[in-house]
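Participant: Below you'll find the structure I mean.
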Amino acid sequence: MAAEQVQNNNELMMRLSEYEKKLQDKDKEIEEMRKRMLELEESVVKVENMKNQMLKGAEEVDALKTASEETLTKAKSMLFEKTKVIKNQELQIEAYKQQIESLKDVVRITKDLLDIRNLEVKQLEGRLNVMDERTKAEKEKQDLLHQKLENMIRYNGELKREYEAQLCLFSALRDRYSERELAKDVVANLKKDIDDGKKSNNQDKPAEGGDPPNN
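The opening position of the sequence shown corresponds to residue 1 in the UniProt record's numbering, with each subsequent residue numbered one higher.
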């Protein structure tokens, strides 16, 4: 949009140059018309002088009078037409001047709008940079949090595996302890049976120096 406004501004400047050139051309044309009017006025003066000089003869006077009147009428008509043209040219020049002033105002306003737009663009770029920095910081924060979470999950997995290993080891030790206790009971029972057997054998043996049993 700023580029479009710059293009419009350039077009307005071109139109302003064209109007100024037309104004200069009109000024030259008016100057030429004024010169011609002066020449016509000089011609009228000359005709009047000729008329005064040739009043000596009636016929010559009448002829000169007729010619002078015709010339004067033509000169007046030309002066009237040129005056109207000059007036129209002056009105056009005034209109051109007003258009030029209006175009200058438009150019000035357009420049102010461009300056405001450029300032807004710079402010927007600053805000976007701040947002990018915040987004980058937030992303880094999220990445760090995600990394910590992954580390916690991995650490919890290691703890879980360690717990399961310790649990298996505890179960194995408990089984071995149960087997040991059972073995101790078996050994104790065997010792008891052996002791009981020894006592029974001692009771069944005859005493030394006694009578032999009867047959």
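For every residue, glycine included, the Cβ atom is placed at its ideal position computed from N, Cα and C. Here the structure is a predicted model, which means the values were calculated and not measured.
1. What separation, rounded to the nearest whole angstrom, lies between the Cα atoms of Leu103 and Gln24?
2. Please list, in chain order, all residues of the same chain as Gln92 whose beta carbon is under 8 Å from its beta carbon, the five residues on each side excluded.
3. Using 8 Å as the Cβ pair cut-off and three pairs as the minimum, do the stretch 70-83 and the stretch 32-43 touch?
4. Buried or exposed: where does Ser68 fall if 16 or more other Cβ atoms within 10 Å of its Cβ makes it buried?
5. Using C-beta distances below 7 Å, list every residue in its chain close to Ile116, excluding the 5 sequence neighbours before and after it, in chain order.
6. Is it buried or exposed for Thr71, if we count other Cβ within 10 angstroms and need 16 for buried?
7. Using 8 Å as the threshold, is the stretch 8-22 in touch with the stretch 107-125, meaning 3 or more CB pairs across them?
Facilitator: If we stick to the structure as given:
1. 17 Å
2. Lys26
3. yes
4. buried
5. none
6. buried
7. yes
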